[in-house]
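A.B. asks: Mind having a look at this structure? Questions to follow.
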Amino acid sequence: MRVTVIPRTEEINEIKEKTVVIIDVLRATTSMVAALANGAKQIIPFLTPQEAKGYATHSGDFLLCGERKGVKLSGFDLGNSPREFTRERVENKTLLMTTTNGTRAINQSLSAKHIFIASALNVQALVERLKSEREVVIVCAGTKGKFSLDDFAMAGLVISFLEKNNDIDLDDLGVAAKLLLKDRTLYSLLAASHHGERLENLGFNEDLVYCSQVGVINLVPYYDAGVIKI
Ligand code: MLT
Numbered sequence: 000m001r002v003t004v005i006p007r008t009e010e011i012n013e014i015k016e017k018t019v020v021i022i023d024v025l026r027a028t029t030s031m032v033a034a035l036a037n038g039a040k041q042i043i044p045f046l047t048p049q050e051a052k053g054y055a056t057h058s059g060d061f062l063l064c065g066e067r068k069g070v071k072l073s074g075f076d077l078g079n080s081p082r083e084f085t086r087e088r089v090e091n092k093t094l095l096m097t098t099t100n101g102t103r104a105i106n107q108s109l110s111a112k113h114i115f116i117a118s119a120l121n122v123q124a125l126v127e128r129l130k131s132e133r134e135v136v137i138v139c140a141g142t143k144g145k146f147s148l149d150d151f152a153m154a155g156l157v158i159s160f161l162e163k164n165n166d167i168d169l170d171d172l173g174v175a176a177k178l179l180l181k182d183r184t185l186y187s188l189l190a191a192s193h194h195g196e197r198l199e200n201l202g203f204n205e206d207l208v209y210c211s212q213v214g215v216i217n218l219v220p221y222y223d224a225g226v227i228k229i
């Protein structure tokens with residue numbers, strides 16, 4: 000299996016007809032996995048809060064979710080902390096979600112053949128799903144156009160799991176991501192990242208712990224025709 004890593008959304012290219020794994024571990028893709036594990040019906044990603052609000056005028060059992068600058072948007076039901084997406088809040092609901100980087104990375108990947116949503120929570124299930132693929136592209140969302148250590152470390156986690164049962168051919172970014180996790184835990188890398196520090200300053204320390212849980216959810220969300228579901 001050939002595995003390549005794209006370090007930030009702005010560098011997405013040549014993914015046409017390929018299998019893509021989207022990572023925004025802090026916190027959009029972790030929140031998506033948590034929401035679907037807690038019974039959300041589906042998630043519709045939007046680039047802007049205005050688009051999400053516009054869609055909410057249709058009839059349906061919707062929740063408006065998302066953040067800007069890490070904080071819940073005004074008038075929205077939920078922010079982007081995965082701990083908010085409890086069964087009580089999300090079961091059977093369609094989530095209309097917009098985040099600074101995560102939903103943008105999905106939007107930039109629409110030419111791919113398959114789009115899977117990755118977090119530490121579902122890494123084992125994801126890797127199981129990928130085992131028959133010949134070529135996998137790991138897309139790190141990054142933060143506002145910049146490389147983000149948290150997503151890159153998460154790419155390393157995906158690779159270290161992929162390596163256990165597959166013969167993989169990595170590009171150099173893949174090798175670097177994997178080496179990052181040799182002597183460090185995912186949590187310590189999330190906490191060392193600029194975005195992790197920002198979230199801690201906003202009072203979201205517990206989110207870093209939550210987002211570092213490995214293999215606790217056995218499902219693989221995928222994007223198809225405008226909707227993320229399982
Ligand atoms: C994003 O999509 O930019 C992030 O998930 C931001 C956040 O941590 O809320």
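Residue 71 in numbering that gives the first Met the number 0 is what sits at position 72 of the sequence shown, and the numbering runs on without skipping anything.
Where is the CB? At the ideal position from N, CA and C, for every residue including glycine.
Bear in mind that the values here come from a model prediction, so they are computed numbers and not experimental data.
#1: I'd like to check one pair, residue 213 with residue 135: are the Cβ atoms closer than 8 Å?
#2: Could you give the distance in angstroms between the alpha-carbon of residue 149 and the alpha-carbon of residue 159?
#3: From which residue to which residue does the alpha helix (DSSP H) around residue 194 run?
#4: With a threshold of 7 Å (Cβ to nearest heavy atom), would residue 100 be considered close to the ligand MLT?
#5: May I have the straight-line CA-CA distance separating residue 53 from residue 106, to the nearest angstrom?
#6: Sort out for me which residues DSSP pairs residue 153 with in a bridge.
#7: Relative to the ligand MLT, is the shortest distance from any of its heavy atoms to the C-beta of residue 154 smaller than 7 Å?
#8: What number of angstroms, rounded off, separates the C-alpha of residue 168 from the C-alpha of residue 27?
#9: Looking at C-beta atoms only, is the number of pairs between the region 105–124 and the region 83–93 that lie closer than 8 Å three or more?
#10: Can you tell me where the alpha helix (DSSP H) holding residue 35 begins and where it ends?
#11: On the criterion of 16 or more Cβ atoms from any shown chain inside 10 Å, does residue 211 qualify as buried, or is it exposed?
#12: Do you know how far the Cα of residue 162 is from the Cα of residue 177?
#13: In terms of residues, what are the limits of the beta strand (DSSP E) holding residue 95?
#14: Is residue 44 closer than 8 Å to residue 93 when the C-beta atoms are compared?
C.D. replies: Looking at the atomic coordinates:
#1: no
#2: 15 Å
#3: 193–200
#4: yes
#5: 18 Å
#6: Note: residue 153 sits in no beta bridge, so no partner.
#7: Remark: the shortest separation between the CB of residue 154 and any heavy atom of the ligand MLT does not fall under 7 Å.
#8: 28 Å
#9: no
#10: For residue 35, the enclosing alpha helix (DSSP H) stretches over residues 27–36.
#11: By the neighbour-count rule (16 or more Cβ atoms within 10 Å), residue 211 is buried.
#12: 10 Å
#13: Per DSSP, residue 95 belongs to the beta strand (DSSP E) from 93–97.
#14: No, they are not a contact pair.
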